[in-house]
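Notes for the one structure printed next.
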């Protein structure tokens, strides 16, 4: 794994947010950009964030961090939040 000190979860609002149509047509370039800039790219649909393009090394590090700090508990909490959102709709 490369040096993760260069990575950030900050998003460049000019180049780090793309509509899903652009993401679909230029996925390889966006992955390359995310890896070279060490930043995630937010994918939007109808103006709302719906996904993230993230370098696999950073994803792996985040996954290990979540596992070390009770990742299963985080997934359970996410499920509870999704249930609340559905009930409110």
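Numbering (my numbering), first residue to last: 69 to 157.
Positions of the beta carbon are idealized from the N, C-alpha and C atoms, including for glycine.
What you are looking at is a predicted structure, and each value in this text was computed from that prediction instead of being measured.
Cut-off 7 Å between Cβ atoms - residues of its own chain near residue i, not counting five sequence neighbours on either side
{"i": "residue 157", "result": "For residue 157, the predicted structure reports a pLDDT of 47, less than 50, and the residue's modelled location is therefore unreliable. The matter cannot be settled from this model."}
Three-state class that DSSP yields for residue i in the structure shown
{"i": "residue 124", "result": "helix"}
Cross-strand partners of residue i (DSSP beta bridge)
{"i": "residue 119", "result": "111"}
{"i": "residue 79", "result": "None; residue 79 has no bridge partner."}
Spatially closest choice to residue i from the options, by CA coordinates
{"i": "residue 121", "options": "113, 132 and 99", "result": "99"}
Inter-residue Cα distance where the pair is residue i and residue j
{"i": "residue 110", "j": "residue 118", "result": "8 Å"}
{"i": "residue 90", "j": "residue 132", "result": "30 Å"}
{"i": "residue 115", "j": "residue 105", "result": "23 Å"}
{"i": "residue 162", "j": "residue 134", "result": "The question about residue 162 has no answer here: the residues shown for the chain are numbered 69 through 157."}
Neighbourhood of residue i by C-beta, 8 Å cutoff - its chain only, sequence neighbours within 5 removed
{"i": "residue 112", "result": "85, 86, 87, 88 and 118"}
Sequence-distant residues of its chain with Cβ nearer than 6 Å to residue i (five each side left out)
{"i": "residue 123", "result": "102 and 103"}
{"i": "residue 92", "result": "none"}
Near the ligand HEM: residue i beta-carbon under 7 Å from a heavy atom
{"i": "residue 116", "result": "By its list of ligands, the structure shown contains no ligand whatsoever, and the ligand HEM lies outside what it can speak to."}
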